[in-house]
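Residue numbers (numbering that gives the first Met the number 0), protein chains in the order written: chain A, 0 to 324; chain B, 0 to 526.
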Amino acid sequence: MLAFSIRRLLQAILVMLVVALISFTLFRFVGDPVNQMVGVETTPEQREALRERLGLNDPIMTQFGRFIVKAAQFDFGTSYQFRQPVSDLIGKRLPATLELSLVSAIFALLVGIPMGVYTGLHRDSVLSKLFLSISLIGISLPTFFIGILLIFLFSVTLQWLPSFGRGDTVAIGWWTTGLLTVSGLKALVLPSITLGLFQMTLIMRLVRSEMLEVIRTDYIKFARARGLRQRSINFRHALKNTLVPVITITGLQVGSIIAFAIITETVFQWPGMGLLFLQSVQNVDIPIMAAYLMLIAFLFVVINLIVDLLYFVVDPRLRADRAAL
Amino acid sequence: MRYFKPLATAALVASLMGTAAHAETLRYAFQGTLNQLDPYTLNETFTLGSHGNVYEGLTRRAGDLAIEPALAERWEVMEPNRWRFYLRKGVKFHNGNDFTADDVVFSADRVRSEGSDLKTRINADVKVVKVDDHTVDFILPAPNPILHYEWDTWYIMDKEWTEANDAVAVTSASDTTPNHAALNANGTGPYKVMSHEAGVKTVYERNENWWDTPDGNIETVEFTPIGSDATRIAALLSGELDMVYPVPVQDIKRVNDNEGTRALTGPELRTIFLGMDQKRDELLYSDVKGKNPFKDVRVRKAFYQAIDMDAIRDKVMRGLSTPSALLISPFLYSRSDEFERYPYDPEAAKALMAEAGYADGFSVGMDCPNDRYVNDEAICQTIAAFLARINVKVDLNAQPKAQYFAKVLASGGYDTSFYLLGWTPGSFDSWNVLHNITGCRDDKGAGGPFNLGGYCSPEVDALAAKVLEENDPTKRDELIAQAFTILHDEVSHIPLHQQGLAWGVASNVELTQRADNQFHFRWVTKK
């Protein structure tokens with residue numbers, strides 16, 4: 000167990016280093032940060048002096064080494080555009096992204112599972128066909144398009160919900176939350192539907208196919224033969240057994256919800272990390288880009304590490320294999 | 000009495016409160032972010048315009064851009080090399096400190112210090128001398144009639160406050176600790192910054208102790224940056240915002256058709272033009288080898304006459320542009336009506352190409368930004384189509400501004416053969432253009448830093464030097480006219496148009512739209 004954990008940890012560190020290196024080499028192609036930091040009339044000499052001060056003239060490996068040493072101490076430097084420490088900026092934007100991701104994950108589960116169960120049980124009903132068509136939209140339409148569609152329907156035409164921003168927020172320590180105010184909750188509706196729609200359809204289709212599978216199994220047939228009530232068979236026996244893969248997938252999807260919030264946040268001007276990242280790409284704000292990519296990589300590494308360790312705990316065969324070696 | 004019905008009473012009270020309180024809030028959005036509050040860190044229109052609501056200069060510009068007194072009550076040129084500014088008395092900064100000559104001297108030092116992006120506001124050789132508490136002299140190395148032209152955006156900071164908060168050095172991007180002045184503001188202007196979360200929201204409140212009276216009635220201002228065009232327009236149409244800018248040209252009709260909003264359009268000061276590499280002996284991106292076709296004025300003129308700017312105005316810009324014959328806006332030069340574009344004439348263009356020995360045309364790479372100017376990429380595509388008619392094959396390389404500027408500016412080694420650029424002279428004066436855009440430059444950019452194509456005319460440079468020192472306005476305009484005539488005859492560049500500016504405004508809001516695209520709250524009235 001210990002050796003396995005250490006090996007996984009070393010692999011995780013290696014992955015982080017590789018991500019850092021790849022993103023660093025990519026930054027060479029995103030443009031010249033200095034041009035975004037000064038006005039048009041700044042002379043070439045002043046631009047050159049600024050480049051020198053920022054250390055952008057050093058060899059790429061020197062810059063990379065400097066970044067790694069500082070990042071190991073959680074110092075990601077100062078943002079080029081905002082002139083504030085990157086860790087502060089990301090810290091301030093983190094609650095917005097996490098709240099949005101959480102609410103859309105809950106939305107995906109609460110809507111996706113019942114729809115999946117229903118379509119699994121009533122394969123040929125009209126409602127099932129409707130749900131499946133909706134899920135097709137969720138899977139095939141790009142996120143930004145769904146977002147704009149929702150804005151035009153619910154904000155511009157009906158004027159029920161706000162089209163941008165987070166509404167009023169309440170600060171609890173360093174965490175800001177929009178869950179405690181009416182405008183904050185209203186502002187959450189459209190972005191979380193937009194962000195969660197894809198996951199919702201994914202979960203619905205997964206539950207549906209698992210349901211179809213499980214219903215054909217012998218123990219369900221026996222349950223029917225025992226004369227159990229249909230309700231109890233569907234929800235106590237069938238649904239419970241479909242949930243194992245759903246939980247695994249949902250867990251893995253949490254990472255991608257957070258990472259892919261970029262587009263939703265941009266469409267709704269949601270003040271989270273994704274929006275910050277996109278603004279940084281446009282302004283070639285390398286410190287923020289680097290920190291954000293490291294954070295997302297870290298998130299995925301941690302999730303995968305937990306999943307791997309859990310498998311190790313759950314599956315005795317893994318342990319047996321190691322012992323045989 | 001039916002007024003005693005609770006519901007009606009509540010409605011009445013609510014309506015009374017609405018009119019009596021006068022606490023009008025203006026909510027507006029812009030496509031870009033307000034990054035930090037230090038007024039000397041970024042020489043860019045939106046940033047300077049935002050700061051202009053909080054900070055003030057010795058001068059300011061009116062709605063029609065005329066220079067008027069602000070923190071200086073008046074000024075006079077004592078000797079050609081010595082200007083005296085008489086400061087307004089009784090002005091206080093937002094924190095209550097008095098505004099005095101010390102603040103002006105301090106601000107003059109700070110704006111020229113290391114890390115400032117507004118060093119061009121005052122020449123490094125100008126001496127700033129305090130005469131008494133409300134008089135300051137500026138001693139110049141040489142006469143300069145446009146000394147104060149850019150001072151409406153040279154904002155005066157409070158010496159005491161800046162020093163007390165350890166913010167004397169201008170925030171530099173290489174600093175590791177945030178500078179107090181980057182996150183807080185203390186000006187003399189009509190509005191105070193109440194909160195500022197960079198990239199999210201900035202809230203302003205009216206400064207009740209302002210020395211002047213505002214024309215508008217806005218108490219509180221909430222600024223949100225909204226990058227996505229569709230969301231910005233939707234927020235205006237749904238009534239969540241009172242004002243947004245810019246409005247994309249294709250959305251102007253929708254904003255006008257919608258009940259409760261209107262689009263306010265006008266010509267902007269920015270001139271969009273094409274430039275050609277005339278410095279290298281062989282173009283970097285062309286199939287012509289061993290020579291540079293752009294060194295031949297006939298080729299440049301053929302390009303000029305092959306492009307139909309009226310068609311670009313009508314189709315690409317939806318009427319929101321003014322074709323231009325000069326590299327400066329007609330607003331900024333009194334004699335601009337004496338200049339006319341070469342007419343669109345593809346036959347004449349073909350003849351010129353044949354005369355120059357390129358009857359079969361050639362291919363050339365063109366660099367173009369795709370997120371910097373109004374419909375920039377579409378303009379470049381249309382130009383490529385027009386040039387195809389005179390057998391010039393354009394390989395268009397349209398990129399986001401970050402990559403575009405990294406390639407074509409001095410830092411990229413002026414790596415371009417043919418490019419589209421826009422320019423607003425910061426001083427609102429022709430000399431700026433004659434220096435930055437058409438001045439002869441070396442490989443590093445000294446002489447004419449934004450003359451990307453390296454056009455060079457010693458005559459124009461000589462005229463520009465005279466323009467800089469000529470104090471008599473009529474003579475000065477004559478010198479400028481001579482320089483512009485040479486540029487026009489030699490087709491140094493191909494001026495395209497003045498792009499338009501478009502703001503989306505709620506119907507109950509009245510405001511002043513300034514041609515430099517700066518937005519000032521003091522002129523806003525909400526009904």
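Note that CB positions come from ideal geometry on N, CA and C, so glycine has one too.
Quantities reported herein were computed from a predicted structural model and do not represent experimental measurements.
Item	Value
Looking at the C-beta of residue 34 of chain A, does it have a partner C-beta in chain B at a distance below 8 Å?	yes
What residue from B/295, B/62, B/493 and B/204 has the CA that sits closest to residue 354 of chain B's CA?	B/295
Could you give the distance in angstroms between the alpha-carbon of residue 397 of chain B and the alpha-carbon of residue 245 of chain A?	45 Å
Are the beta-carbon atoms of residue 269 of chain A and residue 148 of chain A separated by less than 8 Å?	no
For residue 209 of chain B, tell me which candidate among B/299, B/522 and B/187 has the shortest Cα-Cα distance.	B/187
Would you list, in sequence order, the uninterrupted beta strand (DSSP E) runs of no fewer than 3 residues that lie entirely inside the stretch 294-343 of chain B?	320-322
Give the single residue among B/221, B/244, B/26 and B/126 whose Cα lies nearest to the Cα of residue 232 of chain B.	B/244
By alpha-carbon positions, which one of A/111, A/254, A/189 and A/63 ends up nearest to residue 21 of chain A?	A/63
Using 10 angstroms around the beta-carbon of residue 49 of chain B, count the other beta-carbons present and answer buried if the total reaches 16, otherwise exposed.	buried
Return the CA-CA distance between residue 111 of chain B and residue 430 of chain B, expressed in angstroms with no decimal places.	21 Å
So which residues of chain A does residue 34 of chain B contact, with C-beta pairs closer than 8 Å?	80, 81 and 82
Give the residues from the stretch 399-412 of chain B that approach chain A closer than 9 Å (Cβ to any Cβ), ordered along the chain.	399, 400, 401, 402, 403, 404, 405, 406, 408, 409, 410 and 411
Among A/7, A/287, A/301 and A/267, which residue has its Cα nearest to the Cα of residue 255 of chain A?	A/301
Looking only at DSSP bridge pairs, what is residue 274 of chain B linked to?	B/418
Which residues does DSSP list as the beta-bridge partners of residue 525 of chain B?	B/508
Report buried or exposed for residue 553 of chain B, applying the criterion of at least 16 other Cβ atoms within 10 angstroms of its Cβ.	The structure shown does not extend to residue 553 of chain B, since chain B is modelled only from 0 through 526, so no value can be given for it.
Could you confirm whether any beta carbon from chain B is found closer than 8 Å to the beta carbon of residue 267 of chain A?	yes
With distances taken Cα to Cα, identify the nearest neighbour of residue 29 of chain B among B/434, B/201, B/313 and B/460.	B/201
Residue 333 of chain B versus chain A: which residues are under 8 Å apart at the beta carbon?	Under the 8 Å cutoff, chain A gives no residues; its nearest Cβ is about 23 Å from residue 333 of chain B.
Name the residues in the stretch 176-189 of chain A whose C-beta lies less than 7 Å from a C-beta of chain D; which are they?	Given the protein chain composition of this structure (A and B), no chain D is represented.
Kindly list, in the order they appear in chain B, the residues whose Cβ is closer than 7 Å to that of residue 154 of chain A.	233 and 237
Assuming contact is defined by CB atoms lying nearer than 8 Å, are residue 373 of chain B and residue 308 of chain B in contact in what I supplied?	no
Taking 8 Å as the threshold (C-beta atoms), are residue 153 of chain B and residue 96 of chain B in contact?	no
State the DSSP-derived secondary structure class of residue 231 of chain B, mapped to helix, strand or coil.	helix
Tell me, please, whether the CB atom of residue 199 of chain B is closer than 8 Å to any CB atom in chain A?	yes
For the alpha helix (DSSP H) containing residue 108 of chain B, name the first residue and the last one.	100-110
Quick check: is the beta carbon of residue 43 of chain B nearer than 8 Å to any beta carbon in chain A?	yes
Span of the beta strand (DSSP E) holding residue 362 of chain B?	362-368
From the beta carbon of residue 226 of chain B, is the nearest beta carbon of chain A less than 8 Å away?	yes
Taking 8 Å as the CB-CB cut-off, is residue 435 of chain B touching chain A?	yes
Under 6 Å Cβ to Cβ from residue 251 of chain A, same chain only, skipping five residues before and after it: list those, please.	none
Any idea what DSSP makes of residue 156 of chain B, helix, strand or coil?	coil
Against chain A, does residue 443 of chain B count as a neighbour if the rule is that its beta carbon must be under 8 Å from one of theirs?	yes
If you draw a straight line from the C-alpha of residue 134 of chain A to the C-alpha of residue 60 of chain B, how long is it?	57 Å
Look at the alpha carbon of residue 63 of chain B and the alpha carbon of residue 357 of chain B, and state the distance between them as a whole number of angstroms.	47 Å
Can you list, in chain order, the residues of the stretch 443-459 of chain B whose Cβ is nearer than 8 Å to any Cβ on chain A?	443, 444, 445, 448 and 449
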